[in-house]
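Colleague:
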Ligand SMILES: *Cc1c(COP(=O)(O)O)cnc(C)c1O
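Written out as structure tokens, the structure is:
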């Protein structure tokens, strides 16, 4: 079923929209069923789980960190992580830059913005982005900011969700016209999960993160 689900979603979404197969809590066998269809991009939200899977699964998998990331855990994923979606503070970004430099890499990152109603969701506000103008940020050579990420409120109310995606799109456009103007790397809007990816794509998503619709419901 996993292979069929993945193929169905890939056929449905526009070809320019990237699909991150969210494999948190899934076994290596389940991930390999998706891998064998040719898919290479997988998302995890916990550092130890991602490291364990990286160590045993094929080396050409591109691992995306999609969950909240503590600064003291960056060192474990810095050698291999492909894209960090969840940069929600300047402190974290500085740590990623430092660990990327130690590994002689440039790590791709997205800035996570708070767009949902729920209090507990992580993310920046527009007011937190002043650091993008600072010299310290400008001089960071080992991180590449590729766009923004956000999570909508968990609700059936798709019009509320649509409003939140519109908000993230507006944040993206504002940054693209401001601190990232002329920056060809700043292109991605990571939004949309199993329950809301169609709406997210209508609102300009370039990257959807889908777990349950591929692998089935999580425990
Ligand atoms: C779990 C998770 C997803 C995928 O959720 P599904 O509803 O299973 O598609 C997407 N993004 C983040 C940040 C997640 O933690």
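Residue numbers (our numbering): 5 to 223. For each residue, glycine too, the CB sits at the ideal point set by N, CA and C. Please read these numbers as outputs of a predicted model, since none were measured by experiment.
Express the C-alpha separation of residue 115 and residue 193 in angstroms, rounding to a whole number.
Modeller: So the alpha carbons of these two residues sit roughly 10 Å apart.
Colleague: Please classify residue 174 as buried or exposed, where buried requires at least 16 other C-beta atoms within 10 Å of its C-beta.
Modeller: The residue is exposed, with fewer than 16 neighbouring Cβ atoms inside 10 Å.
Colleague: Start and end of the beta strand (DSSP E) containing residue 47?
Modeller: Unbroken beta strand (DSSP E) run through residue 47: 45-48.
Colleague: Taking 5 Å as the limit, tell me which residues put their C-beta closer than that to any heavy atom of ligand 1, in chain order.
Modeller: So the residues near ligand 1 by this Cβ test are 26, 49, 70, 197, 198, 213, 214, 215 and 216.
Colleague: Taking only three categories from DSSP, how would you classify residue 56?
Modeller: The answer is helix: DSSP assigns residue 56 an H, G or I state.
Colleague: In its own chain, which residues sit with a C-beta less than 6 Å from the C-beta of residue 184, not counting the 5 before and 5 after it?
Modeller: The residues are 190.
Colleague: Taking DSSP as the reference, what is the three-state secondary structure of residue 117?
Modeller: Strand, per DSSP.
Colleague: For residue 90, which of helix, strand or coil comes out of DSSP?
Modeller: Reduced to three states, the DSSP call for residue 90 is strand.
Colleague: For residue 203 and residue 162, which I take to be in contact (beta-carbon distance under 8 Å), what is that distance rounded to the nearest angstrom?
Modeller: Residue 203 to residue 162, Cβ: 6 Å. Contact.
Colleague: Drop a sphere of 10 angstroms on the beta-carbon of residue 138, count the other beta-carbons inside from all chains shown, and report buried for 16 or more, exposed for fewer.
Modeller: Classification of residue 138: exposed, given that the 10 Å Cβ count is below 16.
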